[in-house]
Amino acid sequence: MGAPLAGVKVLDFTHVQSGPTCTQLLAWFGADVIKIERPDGGDATRQQLQDIPGVDSLYFTMLNHNKRSITIDVKHETGKEVLWRLIRECDVLVENFAPGALDRMGLTWDAIQAANPRLILASVKGFGPGRYEDCKVYENVAQCAGGAASTTGWRGDKPMVTGAQIGDSGTGLHLALGIVTALYHRVQSGRGQRVDCAMQDSVLNLCRVKLRDQQRLARGPLAEYSQYGEGIPFGDSVPRAGNDSGGGQPGRILKCRGWEQDPDAYIYFIAQAAVWKPICDIIGEPDWKTDPDYASPQARLPHLNEIFTRIEAWTMKHDKFEAMDILNAYDIPCGPILSMKEIAEDEALRASGTVVEVDHPTRGSYLTVGNPVRLSANPVTVQRSPLLGEHTDEILRDVLGCSATEIDAIMWSGAVGSTPKIAAE
Ligand code: COA
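If you read the sequence shown in this note's numbering, its first letter stands for residue 84, the second for the next number, and so on.
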């Protein structure tokens with residue numbers, strides 16, 4: 084059996100992070116992802132945050148694995164012709180240009196449908212229809228507009244964005260699901276359709292529990308938020324909750340041994356009701372098992388600060404990994420705060436293919452994150468990102484069936500860039 088998306092041709096007209104995240108996933112599932120880039124530099128991220136001068140950045144390489152690259156100036160007459168020929172050959176066109184850019188290129192939905200009624204057109208925009216629909220959007224804007232920033236950080240302090248790229252990569256993941264669903268639908272309908280994901284919507288989808296809390300707030304204070312135990316009244320919208328657990332089980336980040344020197348010597352500790360008794364024994368408060376002020380989850384809510392201070396007095400005696408071992412033996416849900424250095428060096432993550440080392444002809448070897456979605460019948464090999472225009476000739480020949488003379492003519496027209504020469508790998 085081949086890869087699940089073998090035979091699906093994806094015209095990858097994406098750049099930066101949101102779109103490339105989506106098409107990288109499709110490539111990992113076996114689609115032939117053809118990345119179209121401008122001949123003058125390509126995807127802007129190739130040059131952004133470069134750690135080695137003149138070499139594709141990690142920003143680019145880590146988001147564009149398993150793809151092919153063709154350079155086309157789609158504003159050049161011959162370039163436009165090549166683009167339309169590719170549209171007729173492909174199953175999916177994915178793009179995340181600014182609102183209106185596709186129409187300005189002449190790629191209206193009507194024109195696309197006329198050229199290839201089976202084509203699925205998938206787009207990321209910052210906002211859906213409404214007052215901001217024409218705005219350009221990057222990650223942190225989406226986090227702010229999608230409810231993540233107003234609910235992240237500390238009470239009484241500024242809103243805060245998170246390091247997880249929920250706006251960009253989060254939207255790319257949503258879009259990939261939409262594309263695969265549309266491909267499945269096409270099997271029955273025989274027709275393509277549009278798949279639209281707005282970054283604001285994707286962030287809000289990931290902040291669903293906060294909209295839950297907004298509605299609970301109308302019926303009374305949110306007892307699992309630490310401000311409840313501190314007697315601080317709630318306003319009319321969901322407050323920032325620091326590191327309080329988002330679920331029904333109270334949790335906090337607690338110091339572990341070495342926290343004075345190591346900024347990541349912490350553990351996330353969840354005082355799950357089911358394991359309250361072993362927690363009391365471990366921290367040396369056996370009386371709390373029966374004391375009516377502590378024995379039930381409801382009774383504990385006003386005392387959470389006191390309880391977590393007591394638990395922290397215990398965690399501070401252990402390093403985070405030691406604490407994990409002790410707590411795990413009793414099924415107490417907890418997790419070490421891992422630094423990126425620890426993650427990069429984690430042998431288990433390397434062995435599982437979550438952290439992968441990849442070779443690149445101009446960069447040498449680098450670390451990346453493998454496909455986090457595992458199919459039992461279809462293991463994925465992570466292949467390096469393409470150099471700019473690396474497959475221009477190959478795509479013109481194999482996908483469009485161009486003859487050598489035709490390829491020469493397209494090259495001479497100036498509509499496509501030249502294919503880079505690569506030393507044998
Ligand atoms: N040949 C010729 N022109 C090309 C081209 C090619 N191969 N590829 C792109 N272009 C042109 C586009 O047609 C557009 O031209 P226009 O402005 O004349 O219409 C231009 O390049 C730039 O596109 P744009 O999307 O406006 O880039 P930008 O760098 O100004 O904006 C974003 C970047 C991300 C803010 C914007 O694309 C956006 O808001 N995208 C949607 C939301 C999104 O995905 N954001 C997250 C990114 S991680």
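Note that beta-carbon positions come from the ideal geometry of N, C-alpha and C, so glycine has one too. Since the model is a prediction, treat every value here as computed from it, not as a measurement.
Could you check where the alpha helix (DSSP H) with residue 334 kicks off and where it finishes?
Looking at the DSSP string, residue 334 is not in any alpha helix (DSSP H); the run it does join, the beta strand (DSSP E), is 334 to 338.
So within the segment 246 to 322, which uninterrupted alpha helix (DSSP H) runs reach at least 4 residues, ignoring any that extend past its ends?
251 to 272, 282 to 289, 291 to 300, 309 to 312
Distance, Cα to Cα, residue 485 vs residue 478?
9 Å
Assuming residue 433 is part of the alpha helix (DSSP H), what are its boundary residues?
Residues 430 to 435.
Measuring straight from C-alpha to C-alpha, what distance separates residue 223 and residue 248?
8 Å
Would a C-beta distance cut-off of 8 Å place residue 363 and residue 406 closer than the cut-off?
no
Whole angstroms are fine: how far does the CA of residue 494 sit from the CA of residue 229?
45 Å
Alpha carbons only, please: which of 341, 299, 342, 344 is nearest the one belonging to residue 322?
299
Considering only DSSP beta bridges, list what residue 151 is partnered with.
117
Could you tell me whether any non-hydrogen atom of ligand 1 is closer than 7 Å to the CB of residue 277?
no
Let me check you understand the geometry: is the CB of residue 223 closer than 7 Å to at least one non-hydrogen atom of ligand 1?
no
Counting only beta-carbon atoms, is residue 368 nearer than 8 Å to chain C?
Reference to chain C is not applicable here, since this structure consists of a single protein chain.
Residue range of the alpha helix (DSSP H) that residue 86 falls in?
That residue, residue 86, is in no alpha helix (DSSP H); it is neither H nor E in DSSP.
Is any heavy atom in ligand 2 found nearer than 7 Å to the beta carbon of residue 282?
Although ligand 2 was asked about, the structure shown includes only ligand 1 as ligands.
State the CB to CB distance for the pair residue 170 and residue 275, rounded to an integer number of angstroms; the pair is presumed to be in contact (CB under 8 Å).
About 11 Å; that fails the 8 Å criterion.
Looking at the strands, I want to know which residues DSSP matches up with residue 404.
For residue 404, no pairing in a beta bridge is given by DSSP.
Apart from the five residues on each side of it in sequence, which residues of its chain come closer than 6 Å, Cβ to Cβ, to residue 125?
471
Look at the alpha carbon of residue 77 and the alpha carbon of residue 120, and state the distance between them as a whole number of angstroms.
This structure cannot settle anything about residue 77, because the visible part of the chain is limited to 84 through 508.
DSSP puts residue 352 in a beta bridge; with which residues?
335, 417
What are the residues that DSSP puts in a beta bridge with residue 451?
439
Only counting runs of 3 or more residues, tell me where the beta strand (DSSP E) segments fall wholly within the segment 163 to 209, in order along the chain.
175 to 178, 203 to 208
Buried or exposed for residue 316, going by 16 or more other Cβ atoms inside 10 Å?
exposed
Give the DSSP-derived three-state secondary structure of residue 64 in the structure shown.
Lying before the first or after the last residue shown, residue 64 is absent from the chain, which here runs from 84 to 508.
May I ask you to list the residues that DSSP assigns as paired with residue 509?
Residue 509 is absent from the model: the chain starts at 84 and stops at 508.
Can you list, in chain order, the residues of its chain with a C-beta nearer than 8 Å to that of residue 238? Leave out the 5 residues immediately preceding and following it.
310, 315, 322, 323, 324, 325
Is any non-hydrogen atom of ligand 1 found closer than 7 Å to the C-beta of residue 100, if you look at the structure I gave you?
yes
Alpha carbon to alpha carbon, how far is residue 241 from residue 234?
Straight-line Cα distance between these residues: approximately 10 Å.
Just the C-alpha distance for residue 357 and residue 190, rounded to the nearest angstrom, thanks.
Cα-Cα distance, rounded: 57 Å.
When burial is assigned at 16 or more other CB atoms within 10 Å of the CB, is residue 195 buried or exposed?
buried
Under 8 Å between the Cβ atoms of residue 286 and residue 225?
yes
DSSP state of residue 385, grouped into three classes?
helix
Quick check: residue 328 and residue 307, are their CB atoms within less than 8 Å of each other?
yes
Considering only the alpha carbon of each residue, which of 382, 330, 401, 383 lies closest to residue 350?
Looking at the Cα atoms, 401 is the closest of the given residues.
Assuming residue 108 is part of the alpha helix (DSSP H), what are its boundary residues?
101 to 111
Helix, strand or coil for residue 145? Go by DSSP, reduced to three states.
coil
Please classify residue 499: does DSSP put it in a helix, a strand, or coil?
coil
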